[in-house]
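In the numbering used here, the protein residues as written are 23 to 213.
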């Protein structure tokens with residue numbers, strides 16, 4: 023269920039599908055790095071200003087789905103203009119700062135991003151830039167990331183499927199919003 027918070031900045035309404043806490047799993051595969059399955063927690067929040075705050079934490083999973091160790095973390099700020107142009111400023115734990123630009127697709131919740139600028143600390147690994155695709159598909163947030171280095175041309179390296187985390191408060195609020203004239207047995211509602 024997508025809800026538009028009353029205190030959401032009006033410019034962010036096209037990005038409302040991103041809001042919330044998300045969790046799921048994906049695959050990491052890039053030459054020179056460990057190929058693995060990973061778990062991920064993502065949050066998109068707002069405070070009434072004209073941006074979404076973004077945080078992502080990933081960790082390596084073992085063959086039984088248990089957390090082994092951290093993989094990557096990143097944080098940033100997402101904005102959108104009146105022409106549906108999206109801009110993202112992102113900082114990653116490996117010492118990379120990126121500026122991403124892209125578009126929100128027409129008539130569907132899908133965002134295509136490409137790096138416009140990359141800054142790296144001396145401790146970070148080689149990295150030239152990347153692309154990302156985010157989409158809201160059947161109530162899930164799905165994404166794929168591509169990256170390139172001086173040695174490796176642009177290629178996919180991470181992707182994940184995330185489910186929205188629902189709190190007991192959300193369930194209670196939704197239940198209170200149901201019509202008063204719902205059938206008692208619940209089954210008649212679907213007939």
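All C-beta atoms, glycine included, are put in the ideal place defined by N, C-alpha and C. Being a predicted model, the structure only gives us computed values, none of them experimental.
| said: With distance defined between alpha-carbon atoms, name the residue in 120, 112, 108, 138 nearest to residue 132. | reply: 108
| How long is the line joining the alpha carbons of residue 143 and residue 116, rounded to whole angstroms? | 8 angstroms
| task | Pull up the CB-CB distance for residue 164 and residue 50, whole angstroms please, since I reckon it's below 8 angstroms. | result | Contact doesn't hold; Cβ gap of about 15 angstroms is too wide.
| request: Name the two residues that bound the continuous beta strand (DSSP E) containing residue 79. | output: 74 to 83
| message | Suppose the cutoff is 7 angstroms on Cβ atoms and the five residues either side in sequence are ignored; what does the same chain contact list for residue 124 look like? | response | 108, 133, 134, 135, 136
| Inter-residue CB distance, residue 187 and residue 45 (contact presumed, cutoff 8 angstroms) | 6 angstroms
| request: Name the residue from 174, 161, 121 whose alpha carbon lies nearest to the alpha carbon of residue 284. | output: Limits of the chain in this structure are 23 at one end and 213 at the other, which puts residue 284 out of reach.
| field | Bounding residues of the beta strand (DSSP E) (the contiguous stretch that carries residue 119) | value | 118 to 126
| query | Is residue 85 buried or exposed, if buried means 16 or more other CB atoms sit within 10 Å of its CB? | reply | exposed
| task | Check whether the region 56 to 67 touches the region 169 to 176, counting contact only when three or more Cβ pairs, one atom from each stretch, lie closer than 8 angstroms. | result | no
| said: Under DSSP, the beta strand (DSSP E) around residue 133 begins and ends at which residues? | reply: 132 to 142
| said: Please return the same chain residues whose Cβ sits closer than 8 angstroms to the Cβ of residue 72, not counting the five positions on each side in sequence. | reply: 31, 33, 34, 101
| query | Got a sec, what are the start and stop residues for the beta strand (DSSP E) residue 178 sits in? | reply | 177 to 186
| message | Counting C-beta neighbours from all protein chains within 10 Å, is the total for residue 168 16 or more, i.e. buried, or is it exposed? | response | buried
| Of the choices 183, 92, 162, whose alpha-carbon is the least far from that of residue 82? | 92
| Quick one: what does DSSP say residue 30 is sitting in, helix, strand or coil? | coil
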